Every structure is written in C-alpha cells, then in structure tokens.
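J.: According to the numbering used here, the sequence shown holds residues 415 to 678 in order.
Built from N, CA and C at the ideal position, the CB exists for glycine as well.
Predicted model, so just to flag it, every value in this text is computed and none were measured.
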Amino acid sequence: MATENVFECRNLHYAYRGKFPALCGIDMTVAAGERVALVGANGSGKSTLLNLLDGLQFADRGAVAYRGQELTEAAFADEAFASRFRRSVGLVFQNPDIQLFCPTVREDIAFGPLQFGVDQQTVAARIAELAETLGIAPLLDRSPHQLSVGEKRKVSLATVLISDPDVLLLDEPTAGLDPRTTTHLIDMLDAFAHAGKTVITATHDLHILEDIADRVCVFGQDRTIAGRGTPEEILADEPLLKANNLIHVHHHHAHDHRVMAHNG
C-alpha cells in the first residue's frame with residue numbers, strides 16, 4: 415500500500431513583505447509517519463517553511479499541500495477544513511513565549527483542547543498525564559513568565575501535544591535545554607514517531623540528527639535545499655556541511671576540531 419504524503423511542496427517561494435526572499439524554490443514531500451530534519455544556518459528559511467506547513471503564512475509562488483489539499487487563505491476560510499487541520503498539525507515555536515499567554519501553565523496547556531470542544535474532565539486527565547511525562551507537574555499553577563527557558567520549552571511542547579496532533583512541527587526544540595532534558599525530549603519524539611506520527615524538526619544541532627530523523631534536508635544560504643540524505647550521509651558530507659555554515663573546521667596540530675556553528 416502506498417504511503418500517503420502528508421505534505422508536498424512544489425517550487426515553493428516566499429518573501430517577507432514581498433521583497434526579502436525566505437524560500438526560493440523548495441521541492442519536498444513528507445510521507446505519513448516519516449521523521450524529517452531541516453538543517454541550515456540561521457536565515458536559511460527553515461522557520462519560514464514550518465510556518466507555511468502550519469498554514470500561518472501562504473506561498474507567494476508554487477504550492478504547499480497537506481494531504482492533497484493546497485494550503486491557501488481560501489482553504490482556511492472553510493471552517494471545517496481549518497478546524498480539522500488545526501487539530502492534526504501542531505507547531506512548537508522556537509520562542510516559547512509566543513505560545514504561552516495565559517495566567518498559569520495549566521490554563522495554557524488546556525487552551526487548545528478546550529477551544530476544540532474537548533470536555534474539561536478529559537482535558538484535566540490529559541494534562542495530568544502530560545505533566546507527568548514532561549516532568550512539569552510542579553509548574554502547573556505557576557505563571558509561564560516565571561519559568562526558565564527549558565521549563566517554558568517543555569510547557570510549549572505540552573500545549574501542542576495535549577491535542578494529540580498527527581503531525582508535529584518543531585522549531586529548534588533543543589535550544590536552551592540542558593543535556594538531560596534534551597535526552598528526555600528525544601525519547602518523547604521517538605515515542606511519537608513509534609505511534610505513527612509525522613515529525614518535522616528544524617534544527618542546527620547536528621548532534622541529535624541520528625536520534626530524531628530518518629531523512630535530512632540541508633537548507634543553503636540561497637534558501638533552496640542544498641542536499642538531502644539520511645542523517646549518516648549528511649553528517650559524513652563535510653564539504654556540504656562546511657559550504658552551508660553548519661560546521662567550522664579548525665586546523666592545528668593536525669587535528670580537526672569540529673565545532674558546531676552556533677547561530678541562534
């Protein structure tokens with residue numbers, strides 16, 4: 415049986431305010447249940463692509479389709495489609511503050527499912543379960559503004575996971591996380607993938623690629639896809655990584671010290 419494509423991008427172009435190009439001809443398909451990593455230096459278009467996949471922005475030229483339906487403003491004007499899409503696709507932003515706007519963590523996590531008409535008892539049970547999994551139970555009655563970056567990131571993840579989307583879009587999910595929390599997050603994403611979900615992660619943390627992706631797309635400074643392959647193939651392709659500002663290689667004492675390119 416052919417696997418259904420969740421997303422198809424055909425010759426996708428997008429420019430901010432019509433004049434600052436962010437995506438310049440992206441062709442890409444993502445199959446149901448696939449784990450895809452988007453890697454590239456800052457400003458290469460990864461976050462913009464996630465916004466287009468989440469229907470927050472729309473293509474200037476070319477098209478993005480979700481399960482065969484093109485994502486356009488007209489499509490989202492149809493309430494039935496918009497509601498179905500919003501339940502199915504969840505985006506965790508790079509900046510967790512965008513996602514957290516209620517007086518307490520508990521209210522932030524409950525917000526989505528209550529909007530979708532899930533009853534309060536079910537929501538409360540799901541919050542308890544998620545809080546346990548993510549280790550955020552002690553935070554539930556605190557204000558999101560009082561939390562550390564790592565805590566905020568876990569809470570913003572919870573606000574998306576609570577609605578149990580089929581597709582999870584993650585923008586730099588490990589930024590600002592300590593190693594233990596990063597490992598925990600990777601385990602959760604693994605469980606998510608094992609449940610048949612589709613996970614698309616934008617990151618420039620090359621350390622985690624083999625843990626979070628079956629396939630990698632490398633975004634170039636020209637805002638097109640400069641390379642594709644398995645995590646192993648991409649990590650072994652030093653010229654590709656260097657050309658796209660993903661590693662710096664320092665030569666001294668005939669050793670190569672690989673330093674991740676940090677571009678927040």
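Leaving out five residues before and five after residue 678 in sequence, what residues of the same chain have Cβ atoms less than 8 Å from its Cβ?
T.: Caution is warranted here: a pLDDT of 43 is assigned to residue 678, below 50, making its placement in the model unreliable, and the coordinate value is therefore given only provisionally. Within the same chain, residue 678 has close Cβ partners 456 and 589.
J.: Closest by CA to residue 630, which one among 559, 444, 592 and 598?
T.: Among 559, 444, 592 and 598, the Cα nearest to that of residue 630 belongs to 444.
J.: Comparing alpha-carbon positions, which option in 442, 466, 508 and 559 lies nearest residue 430?
T.: The shortest C-alpha separation from residue 430 is found at 466.
J.: At the level of alpha carbons, what is the spacing between residue 559 and residue 528?
T.: Each residue's Cα considered, the two are about 22 Å apart.
J.: If we count Cβ pairs, one from each stretch, closer than 8 Å, do we get three or more for the stretch 514-531 versus the stretch 540-559?
T.: Judged by Cβ distances under 8 Å, the stretch 514-531 makes contact with the stretch 540-559, as three or more pairs qualify.
J.: Considering Cα atoms alone, identify which of 647, 639, 566 and 447 is closest to residue 511.
T.: Measuring from the Cα of residue 511, the nearest candidate turns out to be 566.
J.: How should residue 458 be labelled, buried or exposed, when 16 other C-beta atoms within 10 angstroms of its C-beta is the threshold for buried?
T.: Residue 458 is buried by the Cβ-count criterion.
J.: Kindly indicate which residue of 592, 594 and 607 has the alpha-carbon position closest to the one of residue 575.
T.: Looking at the Cα atoms, 607 is the closest of the given residues.
J.: Looking at the structure shown, is residue 472 part of a helix, part of a strand, or coil, going by DSSP?
T.: Note: residue 472 maps to coil in three-state DSSP.
J.: Identify every run of the alpha helix (DSSP H) within the stretch 590-647, keeping only runs that are complete inside it and at least 4 residues long; order them along the chain.
T.: The stretch 590-647 contains these whole alpha helix (DSSP H) runs: 593-608 and 623-626.
J.: Just to confirm my understanding: we take residue 501, look at its own chain, exclude 5 residues before and 5 after, and list those with CB closer than 8 Å. What are they?
T.: 530, 577 and 579.
J.: If we call anything under 7 Å between Cβ atoms a contact, is residue 544 one with residue 572?
T.: Contact flag set, yes.
J.: With a threshold of 7 Å on Cβ separation, who are the neighbours of residue 468 within its own chain once the five nearest residues in sequence on each side are excluded?
T.: Cβ neighbours of residue 468 beyond the five flanking positions: 503, 505 and 583.
J.: Taking DSSP as the reference, what is the three-state secondary structure of residue 421?
T.: Of the three classes helix, strand and coil, the one that applies to residue 421 here is strand, per DSSP.
J.: What's the call for residue 585, buried or exposed, on a 16-neighbour Cβ count within 10 Å?
T.: By the 10 Å Cβ count, residue 585 comes out buried.
J.: Can you give, in chain order, each stretch of the beta strand (DSSP E) that sits fully within the stretch 547-594 and has at least 3 residues?
T.: As far as the stretch 547-594 is concerned, its whole beta strand (DSSP E) runs of at least 3 residues are 581-585.
J.: With a 10 Å radius around its C-beta and 16 neighbouring C-beta atoms as the bar for buried, classify residue 668 as buried or exposed.
T.: In this predicted model, residue 668 has a pLDDT of only 43, less than 50, meaning its place in the structure is not dependable enough to derive any value.
J.: How far does the alpha helix (DSSP H) with residue 522 in it reach, from first residue to last?
T.: Start and end: 519-529.
J.: Looking only at its chain, what residues have a beta carbon closer than 6 Å to the beta carbon of residue 595, apart from the 5 residues adjacent to it on each side?
T.: Contacts found: 564.
J.: Going by C-alpha distance, which of 569, 599, 610 and 628 is nearest residue 581?
T.: Comparing Cα-Cα distances from residue 581 to each of 569, 599, 610 and 628, the minimum goes to 610.
J.: Can you tell me whether DSSP reads residue 483 as helix, strand or coil?
T.: DSSP places residue 483 in strand when its eight states are reduced to three.
J.: Do residue 612 and residue 451 come within 7 Å of each other at the CB atom, strictly closer than that value?
T.: Their beta carbons are not under 7 Å apart, which means residue 451 does not touch residue 612 by this criterion.
J.: Check whether the stretch 472-479 touches the stretch 422-436, counting contact only when three or more Cβ pairs, one atom from each stretch, lie closer than 8 Å.
T.: Touching, per the Cβ criterion.
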